[in-house]
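Visitor:
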Ligand SMILES: Cc1cc2nc3c(=O)[nH]c(=O)nc-3n(C[C@H](O)[C@H](O)[C@H](O)COP(=O)(O)OP(=O)(O)OC[C@H]3O[C@@H](n4cnc5c(N)ncnc54)[C@H](O)[C@@H]3O)c2cc1C
Ligand code: SF4
Ligand code: FES
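Chains as they are written, first to last, in my numbering: chain A, 1 to 636; chain B, 1001 to 1254.
1. Rounded to the nearest angstrom, how far is the Cβ of residue 77 of chain A from that of residue 170 of chain A, given a contact under 8 Å?
2. Starting from residue 1052 of chain B, find everything on chain A with Cβ-Cβ shorter than 9 Å and list it in chain order.
3. Are the CB atoms of residue 432 of chain A and residue 108 of chain A nearer to each other than 7 Å?
4. Bridge partners of residue 580 of chain A, per DSSP?
5. Going along the chain, which residues of the region 1197–1213 of chain B sit with their C-beta nearer than 8 Å to a C-beta in chain A?
6. Could you work out which residue in A:534, A:579 and A:581 is closest to residue 563 of chain A when comparing CA atoms only?
7. I'd like to confirm something about residue 1114 of chain B: is its beta-carbon nearer than 6 Å to some heavy atom of ligand 2, or not?
8. Under 6 Å from any heavy atom of ligand 2, by CB: list those residues in chain order, please.
9. Taking only beta-carbon atoms, is residue 18 of chain A less than 7 Å away from chain B?
10. Could you tell me which residues DSSP puts in a beta bridge with residue 400 of chain A?
11. At 7 Å on the CB atoms, spell out the chain B contacts of residue 179 of chain A, in chain order.
12. Can you say whether residue 606 of chain A is buried or exposed, counting buried as having 16 or more other CB atoms within 10 angstroms of its CB?
13. For residue 202 of chain A, write down the residues that DSSP places opposite it in a beta bridge.
14. Please classify residue 1179 of chain B: is it buried, with 16 or more other beta-carbons within 10 angstroms of its beta-carbon, or exposed?
15. Return the residues of the region 1065–1078 of chain B that lie within a Cβ-Cβ distance of less than 9 Å from chain A, sorted by chain order.
16. At a Cβ cut of 9 Å, what residues of the region 1141–1155 of chain B count as close to chain A, listed as they run along the chain?
17. Does the distance from the CB of residue 1071 of chain B to the CB of residue 1167 of chain B come in under 7 Å?
18. Can you tell me the Cα-Cα spacing of residue 1099 of chain B and residue 1010 of chain B, whole angstroms?
19. I'd like to know whether the C-beta of residue 126 of chain A is nearer than 7 Å to at least one C-beta of chain B.
20. Looking only at C-alpha atoms, which of A:443, A:338, A:261 and A:393 sits nearest to residue 292 of chain A?
21. In terms of DSSP beta bridges, what is residue 1078 of chain B paired with?
22. For a test of the three-state rule: what should DSSP assign to residue 295 of chain A, helix, strand or coil?
23. Do three or more CB pairs link the region 577–586 of chain A to the region 101–116 of chain A at distances below 8 Å?
24. Would you list, in chain order, the members of the region 549–578 of chain A that have their beta-carbon closer than 7 Å to a beta-carbon of chain B?
25. So if I threshold CB-CB distances at 9 Å, which residues from the region 484–510 of chain A count as touching chain B?
26. Enumerate in chain order the residues of its own chain whose CB-to-CB distance from residue 250 of chain A is below 8 Å, with the five nearest sequence positions on each side excluded.
27. What in chain B is Cβ-close to residue 138 of chain A, meaning under 8 Å?
28. CA-CA distance, residue 1125 of chain B and residue 68 of chain A?
29. Between residue 1104 of chain B and chain A, is any beta-carbon pair separated by less than 7 Å?
30. Would you mind sorting residue 1021 of chain B into buried or exposed? The rule is 16 or more other CB atoms within 10 Å of its CB.
31. Of all the CB atoms in chain B, is at least one closer than 7 Å to the CB of residue 435 of chain A?
32. Using a Cβ-Cβ cutoff of less than 6 Å, which residues in the same chain neighbour residue 1161 of chain B once the five nearest sequence positions on both sides are dropped?
33. Between residue 1215 of chain B and chain A, is the shortest Cβ-Cβ distance under 7 Å, so that the two count as touching?
34. Could you check whether the Cβ of residue 449 of chain A sits closer than 7 Å to any Cβ belonging to chain B?
35. Which of the three DSSP states is assigned to residue 1211 of chain B in this structure?
36. By how many angstroms is the C-alpha of residue 257 of chain A removed from the C-alpha of residue 387 of chain A?
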């Protein structure tokens, strides 16, 4: 296809990456210091990239809107990180990790990228251990593993329930070392608000300082976005409060294609919403499903306390519908089943929650055994809800958690805009239509430590060392446009707060572009979002000024972008007339209610080109499955 | 869940910018006991914005007690009255109808106030830049299982590594000392084999920057440990002091 060249190298799948590393252009060590690279984002992907590029000799400028690189959302990941080490001797291999990831992604990812991910997974663990990341160990002193997210091998490395924290602090330490050496210049509390493109190439960014309000221009030879996912379009999600799509979206508006925005992952085990004031949702580790049994009452709007509902009036619906996987059924299936029960009026007291019950496990194994396994999680549950899960079943409900879609990138992780690279959750590349547990941390670090340090050279080698100066007319124009946007937002004087708009959008997205979608609902969503977009400027009120801290203004700018992204997600979902992974279209299911893929017509990546607000051109990148044969998932 | 709402009087520190005088302002709020403390502030801000008033600036991100962004002094205690949690994990069921709650920023010379309840903790990063790492480049490292590490040693290193960099220890200390924070990082590496080659240089560099940044000295009152949301132990301070003394005694090339 002419517009989208994935640049996947030739050769056998197991040799592509090796061959590619050999054939791409290199920059000699002495010349690397002539190149400046902007890295936006200091999560796992951004920190690891910034540190590794600086080690190679490039001049790196790293940006984050946080007050410190260490606060990125990656810090909150609990479960673990996959790697094909096969330390447990249970038959794992690079090929098996590759195979599981392609299959888990429901055959909607690029085989070559996934294979590379599996190949470098082992290096990641070595790297982290060398940095002093305190992974869990066995009595003999070697690294411990556990199985995660339905995998049949134990390949997940973990650091108690704080794996993301420890990995991020590792990458942050590598970054700190380069900051100390002066090879990385660290810019904190700076939000990227625009991408600057000159002669068709990305060459800089505009930032706004969140403490002073100052708008600044920064130029470089290449720009890397590692700015995370867009799950907060739903308002309520497990993402950190400040995660947002602005960096990716503004780049999209400047020409970078957005791929598969409708692929979103809903996590089945989160704490339910307690009321209108709820600000975000908390994930409870999936490992709980190893011993907890999920159920609802057989009766609608059953107001009885759980203990008063007798055994034969309970519906253990996962065990009933999926006898072989039961409570461990994959994320999308478990989430959808919970929604079905709730839609049927059989949620806890008729509301949006289902029970996760440990009664039988406690009777079988004893409370101490359960404490030993899940003590922290039970404590966390009690802190938040005020209820003791040893006595009363937990209440859980699915919540938006991860976004597989993102900016389109080729095999080099470069977007269709030359000079713009995208790493981590912000790109679309490796997880297809569904991400497996413990694979996002792996991808972020693979991209940052082991892919971009090589592939960026392929681009920079043909770039001249001269920088586009920040007084270039394009920089000046972008800067003044941002100042105008700020003024326009501050000039609003409607009745509604920014959060009210965001919540309203979130409701539309959750109800119509959430766990299950259908044509009518998606069309309604598109209309409703358009209306909201029109009324936003008249009805919103943004208080405060342009100088100094203005958190309302920060959020307003992000909501402006969500109001455009939301529509694209609905359009993408509407265009994809099939069900795959996290994208479930009610019209496309088997008689048993299973997702029905359409490999004939939809074995492709969708890539949307921005023309104007609400107007996109749809491009496709065809996917070929040469090594993992297309097959239907079955968890019956 | 869903008990009756409670009414509270909040006395919140308002300060427009870094170099202006601040003061406490009173707000009356009604809130569900199931709300978190920060959700209560969200609701207050939403109503302030509706009235066209400047909302209270405060920071948070994960709201799960792991990122270290949040941090308020509540009724005189960093992170509030419940031990071993961060501000974002505090829920309103810990308060009673009619209570008055004083809300202030983390105060310390090294943490200048930016606005209202927001402070600048960049000094923590500066200490880390000076030595909070193991000097390895990406790639070319040994296999992860090449060096076994005793399970209990790994666990102890983990206990130290669990610090979330919130700064409550500094806010709790009458000298605004950063010893608990710095010693947690020094200890993590000092315990692990990977941290050995730079053990002494690291502690010297980090302590030097810590002093330069205006953190006070440690007089062993252990208020830090009591307020730390992650239960970081003052044992780390002793370990760091030991490393520091030894580092002064040995020359770099020994
Ligand atoms: C609760 C939870 C648990 C999870 N558990 C796991 C797990 O166990 N295993 C797993 O593999 N995955 C897990 N995930 C997923 C995983 O944590 C994320 O996908 C991953 O950490 C994303 O990393 P990242 O580097 O791409 O982005 P992030 O960590 O989100 O970092 C984004 C960075 O970009 C910066 N940024 C964004 N926009 C801008 C802008 N406009 N200007 C300046 N800076 C900007 C931010 O400041 C931040 O530094 C979990 C996710 C959640 C929500
Ligand atoms: S030692 Fe404790 S109180 Fe101090 S920064 Fe770390 S987590 Fe916060
Ligand atoms: S907001 Fe992250 S620790 Fe409180």
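Ideal Cβ placement from N, Cα and C applies to all residues, glycine included. Being a predicted model, the structure only gives us computed values, none of them experimental.
Guide: The structure says:
1. Residue 77 of chain A sits at position 77 when you count from the first residue of the first chain. Residue 170 of chain A sits at position 170 when you count from the first residue of the first chain. Rounded, the Cβ-Cβ distance is 13 Å, inconsistent with contact.
2. Start at 1 with the first residue of the second chain, and residue 1052 of chain B comes out as number 52. In chain order, 493, 541 and 543 make up the part of chain A whose C-beta sits under 9 Å from the C-beta of residue 1052 of chain B.
3. Here residue 432 of chain A is taken as the residue at index 432 of the first chain, counted from 1. Here residue 108 of chain A is taken as the residue at index 108 of the first chain, counted from 1. In this structure, residue 108 of chain A lies closer than 7 Å to residue 432 of chain A by Cβ.
4. Working through the first chain from its first residue, we reach residue 580 of chain A at position 580. The partner list for residue 580 of chain A (beta bridge, DSSP) reads A:583.
5. Those would be none; no residue qualifies.
6. Within the first chain, numbered from 1, the residue matching residue 563 of chain A stands at position 563. The shortest C-alpha separation from residue 563 of chain A is found at A:534.
7. On the second chain, position 114 is the one that residue 1114 of chain B refers to. No, the Cβ of residue 1114 of chain B stays beyond 6 Å of every heavy atom of ligand 2.
8. This selection yields B:1163, B:1164, B:1165, B:1166, B:1167, B:1168, B:1169, B:1180, B:1181, B:1184, B:1228, B:1229, B:1230 and B:1232.
9. Here residue 18 of chain A is taken as the residue at index 18 of the first chain, counted from 1. Using beta-carbon distances, residue 18 of chain A does not count as an interface residue toward chain B, since no partner is under 7 Å.
10. Here residue 400 of chain A refers to the residue found at position 400 when the first chain is read from its first residue. In the DSSP output, where bridge partners are listed per residue, residue 400 of chain A has A:266.
11. Walking along the first chain from the start, residue 179 of chain A turns up at place 179. Chain B residues near residue 179 of chain A: 1129.
12. For this step, residue 606 of chain A is matched to residue 606 along the first chain. Buried, by the Cβ-count rule.
13. Working through the first chain from its first residue, we reach residue 202 of chain A at position 202. The partner list for residue 202 of chain A (beta bridge, DSSP) reads A:197.
14. The count along the second chain starts at 1 and reaches residue 1179 of chain B at position 179. So residue 1179 of chain B counts as buried.
15. Residues are counted here when their Cβ sits less than 9 Å from a Cβ of chain A; for the region 1065–1078 of chain B these are 1065, 1066, 1067, 1068 and 1069, given in chain order.
16. Residues passing the 9 Å Cβ filter: 1141, 1142, 1143, 1144, 1145, 1146, 1147, 1148, 1149, 1150, 1151, 1153, 1154 and 1155.
17. Here residue 1071 of chain B corresponds to residue number 71 of the second chain, with the count starting at 1. Here residue 1167 of chain B corresponds to residue number 167 of the second chain, with the count starting at 1. Between residue 1071 of chain B and residue 1167 of chain B, the gap from beta carbon to beta carbon is short of 7 Å.
18. Within the second chain, numbered from 1, the residue matching residue 1099 of chain B stands at position 99. Within the second chain, numbered from 1, the residue matching residue 1010 of chain B stands at position 10. The straight-line gap separating the alpha-carbon atoms of residue 1099 of chain B and residue 1010 of chain B is approximately 8 Å.
19. Working through the first chain from its first residue, we reach residue 126 of chain A at position 126. Flagged as an interface residue toward chain B: residue 126 of chain A, by a C-beta distance shorter than 7 Å.
20. By 1-based counting over the first chain, the position of residue 292 of chain A is 292. Of the candidates A:443, A:338, A:261 and A:393, the one whose C-alpha sits nearest the C-alpha of residue 292 of chain A is A:393.
21. Along the second chain, read from residue 1 onward, the residue named residue 1078 of chain B stands at position 78. Beta-bridge annotation (DSSP): residue 1078 of chain B is paired with B:1073.
22. The residue given as residue 295 of chain A occupies position 295 in the first chain. If DSSP states are grouped into helix, strand and coil, residue 295 of chain A belongs with the strands.
23. Touching, per the Cβ criterion.
24. Residues of the region 549–578 of chain A with a Cβ closer than 7 Å to any Cβ of chain B, in chain order: 549, 551 and 552.
25. Along the region 484–510 of chain A, going in chain order, the ones with a CB nearer than 9 Å to a CB of chain B are 493, 495, 496, 497, 498, 499 and 500.
26. For this step, residue 250 of chain A is matched to residue 250 along the first chain. Counting only residues of its own chain and dropping the five nearest sequence neighbours on each side, residue 250 of chain A has a CB closer than 8 Å to the CB of 192, 193, 194, 195 and 561.
27. Start at 1 with the first residue of the first chain, and residue 138 of chain A comes out as number 138. What residue 138 of chain A touches in chain B: 1151.
28. One-based indexing of the second chain puts residue 1125 of chain B at position 125. One-based indexing of the first chain puts residue 68 of chain A at position 68. CA-to-CA, the gap between residue 1125 of chain B and residue 68 of chain A works out to about 7 Å.
29. Position 104 of the second chain, counted from the first residue, corresponds to residue 1104 of chain B. It does not: the Cβ of residue 1104 of chain B has no partner Cβ on chain A nearer than 7 Å.
30. The residue labelled residue 1021 of chain B in the question sits at position 21 within the second chain. Classification of residue 1021 of chain B: exposed, given that the 10 Å Cβ count is below 16.
31. Taking the first residue of the first chain as 1, we reach residue 435 of chain A at position 435. With respect to chain B, the C-beta atom of residue 435 of chain A has no partner C-beta closer than 7 Å.
32. As a working note, residue 1161 of chain B is residue 161 in the second chain. Correct list, in chain order: 1188.
33. Residue 1215 of chain B sits at position 215 when you count from the first residue of the second chain. Not flagged as an interface residue toward chain A: residue 1215 of chain B, since no C-beta distance is shorter than 7 Å.
34. Position 449 of the first chain, counted from the first residue, corresponds to residue 449 of chain A. So yes, residue 449 of chain A belongs to the interface.
35. Locating residue 1211 of chain B in the second chain gives position 211, counting from the first residue. The answer is helix: DSSP assigns residue 1211 of chain B an H, G or I state.
36. Locating residue 387 of chain A in the first chain gives position 387, counting from the first residue. Locating residue 257 of chain A in the first chain gives position 257, counting from the first residue. Residue 387 of chain A and residue 257 of chain A have their C-alpha atoms roughly 46 Å apart.
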